[in-house]
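Enquirer: Dumping the structure here so I can ask a few things about it.
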Ligand SMILES: [Zn+2]
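In our numbering, the protein residues as written are 128 to 423.
Written out as structure tokens, the structure reads:
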């Protein structure tokens with residue numbers, strides 16, 4: 128079981144629980160970035176040991192977040208999912224304990240009333256569905272799945288393009304659509320009094336981050352505007368997965384400025400432990416100071 132990979136935060140009255148599906152993947156430097164080898168990573172010694180090895184190998188998690196806000200139970204992203212046919216070996220026919228871990232953490236699938244996906248790439252939508260008697264069924268049958276049109280149209284527009292990763296559309300999006308569980312909302316939709324979306328386009332056109340505000344505390348879940356804390360120090364690093372690099376860089380820099388120096392407790396969607404922390408201005412860029420709890 129992966130229960131040591133469950134982490135919890137209190138943002139005022141809102142509880143955030145993290146469930147890791149793939150823990151500390153390495154070998155990701157060349158997969159993630161166009162130009163961030165081990166030496167370049169080691170220019171930022173503060174990454175070691177939490178976010179990179181002593182040799183400069185970057186580490187990343189694949190994880191999701193479950194929120195308890197008032198009487199609402201909200202998923203933020205749904206990871207990779209089991210049994211799915213994928214191009215990348217790390218995701219292909221995965222067998223993880225994600226759903227058991229989620230239930231153990233106090234969020235059985237039937238209790239979830241809302242599913243938010245920061246964007247519609249395959250590692251953020253996988254547990255939208257699960258295989259039941261050979262058929263893909265919505266994992267969260269009592270939830271409304273909140274997407275935005277821009278993102279939906281973008282990902283479906285990739286079908287037929289060479290090299291596009293769209294294997295997940297028929298197994299992770301279509302069944303939810305056919306079950307009538309999707310509501311299309313704006314990219315700045317306020318989900319509950321405490322939880323709202325913030326448009327952060329670039330990685331994908333309809334990408335959103337998730338803001339949590341309660342009792343004077345503020346946190347934000349990044350989504351993929353940053354995949355790794357190294358991008359605080361080098362916000363212009365280009366990933367291999369961003370749709371519009373220029374826009375992604377603008378969005379990332381705006382985000383870093385907006386939340387720097389305790390503007391918000393930042394929870395990194397792919398960050399290893401400590402997954403939450405603070406963006407600290409550092410010369411003409413930033414650092415990420417991981418801190419397990421926002422009040423410590
Ligand atoms: Zn991702």
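Glycine included, every Cβ here is placed at the ideal spot set by N, Cα and C.
1. Which residues in the same chain as residue 203 place their Cβ atom closer than 6 Å to its Cβ, once the five residues preceding and following it in sequence are excluded?
2. Please list the segments of the beta strand (DSSP E) lying wholly inside the stretch 314 to 393, counting only runs of 3 or more residues, in order along the chain.
3. Could you tell me whether any non-hydrogen atom of ligand 1 is closer than 7 Å to the CB of residue 351?
4. If residue 153 sits next to residue 184, beta carbons under 8 Å apart, how far is it from one beta carbon to the other, in whole angstroms?
5. Going by DSSP, what residue range makes up the beta strand (DSSP E) through residue 272?
6. Going by DSSP, what residue range makes up the beta strand (DSSP E) through residue 168?
7. Scan the stretch 218 to 305 and note each continuous beta strand (DSSP E) run of 3 residues or more that stays entirely inside, going in chain order.
8. Taking DSSP's pairing of strands, which residues face residue 146 in a bridge?
9. Using a Cβ-Cβ cut-off of 6 Å (strictly less than) and excluding sequence neighbours within five positions of residue 196, which residues of its own chain qualify?
10. Return the CA-CA distance between residue 389 and residue 286, expressed in angstroms with no decimal places.
11. From 139, 252 and 135, pick the residue whose C-alpha is nearest to that of residue 342; which is it?
12. Considering only C-alpha positions, which residue in the set 245, 158, 353 and 262 is nearest to residue 215?
13. Does the stretch 272 to 280 touch the stretch 356 to 367, meaning 3 or more C-beta pairs lie closer than 8 Å?
14. Can you tell me whether residue 158 is helix, strand or coil according to DSSP?
15. Which residue or residues does DSSP assign as beta-bridge partners of residue 185?
16. May I ask you to check if the CB of residue 250 is nearer than 7 Å to at least one heavy atom of ligand 1?
17. Given the structure, does residue 397 come close to ligand 1, in the sense that its CB is under 7 Å from one of the ligand's heavy atoms?
18. What I want to know is whether the C-beta of residue 273 ends up closer than 7 Å to one or more non-hydrogen atoms of ligand 3.
19. Less than 8 Å between the CB atoms is what I'm expecting for residue 329 and residue 377, so what's the real figure, rounded?
20. Pick out whichever of 307, 325 and 421 has its Cα sitting closest to the Cα of residue 269.
21. Who are the near neighbours of residue 222 in its chain, counting only those whose CB is closer than 8 Å to its CB and skipping five residues on each side?
22. Which residue's Cα is closest to the Cα of residue 403: 422, 410 and 296?
Expert: In brief:
1. If the five residues before and after residue 203 are omitted, its C-beta is found closer than 6 Å to the C-beta atoms of 192, 243, 337 and 348, all from its own chain and listed in chain order.
2. For the stretch 314 to 393, whole beta strand (DSSP E) runs of length 3 or above, ordered along the chain, are 322 to 326, 335 to 341 and 344 to 348.
3. At a threshold of 7 Å, residue 351 counts as near ligand 1, since its beta carbon sits closer than that to one of the ligand's heavy atoms.
4. Indeed they touch by this definition, with Cβ atoms about 5 Å apart.
5. Per DSSP, the continuous beta strand (DSSP E) segment holding residue 272 begins and ends at 271 to 274.
6. Counting along the chain, residue 168 falls outside any beta strand (DSSP E), though it belongs to the alpha helix (DSSP H) covering 165 to 168.
7. Within the stretch 218 to 305, the complete beta strand (DSSP E) runs of at least 3 residues are 241 to 243, 256 to 259, 262 to 265 and 271 to 274.
8. According to DSSP, which records beta bridges pairwise, residue 146 is partnered with 133 and 191.
9. For residue 196, where only same-chain residues beyond five positions count, the Cβ hits under 6 Å are 141, 319, 321 and 322.
10. Going from the Cα of residue 389 to the Cα of residue 286 covers about 41 Å.
11. For residue 342, the closest alpha carbon among the candidates 139, 252 and 135 is that of 139.
12. In this structure, 158 is the residue among 245, 158, 353 and 262 with its C-alpha nearest to the C-alpha of residue 215.
13. Touching, no.
14. Of the three classes helix, strand and coil, the one that applies to residue 158 here is helix, per DSSP.
15. Listed as beta-bridge partners of residue 185 by DSSP are 179.
16. Yes, since a heavy atom of ligand 1 falls inside the 7 Å radius drawn around the Cβ of residue 250.
17. Look at residue 397: its beta carbon is less than 7 Å from one of the heavy atoms in ligand 1.
18. Absent from the structure shown: ligand 3. Ligands present: ligand 1.
19. Right, the Cβ-Cβ distance comes to about 7 Å (below 8 Å), so this counts as a contact.
20. By alpha-carbon distance to residue 269, the top candidate from 307, 325 and 421 is 307.
21. Within the same chain, residue 222 has close Cβ partners 209 and 210.
22. Across the set 422, 410 and 296, the C-alpha of 422 shows the shortest separation from the C-alpha of residue 403.
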